[in-house]
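Everything below concerns the one structure shown next.
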Amino acid sequence: MYPWFAFGHMTPYLHLTNKLAEKGNRITFLLPKKAQKLLEHLNLFPQYIVFHPHTIPHVDGLPPGAQTASDITVSLGKFLTQAMDLTRDQVFFDFACLLPYLADQVLNMRLLTVELEVADLRLKCNEKNQDGSLKI
1 MYPWFAFGHM TPYLHLTNKL AEKGNRITFL LPKKAQKLLE HLNLFPQYIV FHPHTIPHVD
61 GLPPGAQTAS DITVSLGKFL TQAMDLTRDQ VFFDFACLLP YLADQVLNMR LLTVELEVAD
121 LRLKCNEKNQ DGSLKI
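Numbering (UniProt numbering), first residue to last: 1 to 136.
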């Protein structure tokens with residue numbers, strides 16, 4: 001799991017993670033070091049859920065030590081977004097919208113995904129080519 005670094009996003013993702021772990025799934029949950037300390041008590045299945053503390057890269061404009069949206073004003077949110085974008089070499093993400101297409105094309109099976117993404121990502125994921133196939 002790689003939620004947006006805001007407690008209003010990390011907490012529901014952790015609740016979902018607990019539900020998945022309850023069924024025996026193993027999950028790695030990526031989050032800032034500071035958030036790990038505050039959310040650790042909500043991990044109901046530590047044998048299945050591994051917290052992986054993530055280092056927030058430096059971005060000009062992001063205050064030193066800022067790790068979550070709670071650490072900054074709304075106007076500085078773009079800098080936290082930029083910092084999260086700099087983790088692409090460490091995290092493969094933004095692929096949920098491709099899973100049904102890949103399952104159909106590669107595995108010849110149908111797959112239903114539930115996306116917990118922000119609206120603009122959902123819109124981006126639904127863009128289609130003229131022939132009706134998803135843009136990748």
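We put the beta carbon where it would ideally sit given N, CA and C, even for glycine.
Helix, strand or coil at residue i [DSSP, three-state]
i	result
residue 62	coil
residue 1	coil
Min CB distance residue i to chain C below 7 Å
i	result
residue 4	Note that chain C does not occur in the displayed structure, where there is just one protein chain.
Top-ranked residue by Cα proximity to residue i, from the options
i	options	result
residue 64	79, 52, 51	79
residue 43	76, 84, 87, 11	11
residue 24	47, 53, 77	47
residue 28	50, 73, 62, 61	50
residue 53	16, 62, 34	34
residue 39	20, 21, 57, 9	9
Proximal residues to residue i (C-beta, below 8 Å), its chain only, five neighbours per side dropped
i	result
residue 70	6, 7
With 16 other Cβ atoms within 10 Å as the buried cut-off, status of residue i
i	result
residue 55	exposed
residue 86	exposed
residue 67	buried
residue 73	exposed
residue 32	buried
residue 57	exposed
Close beta carbons around residue i, own chain, < 6 Å, minus the five adjacent residues each side
i	result
residue 59	79, 82, 83
In chain order, each alpha helix (DSSP H) run of at least 4 residues that lies wholly inside the stretch 12–84: 33–39
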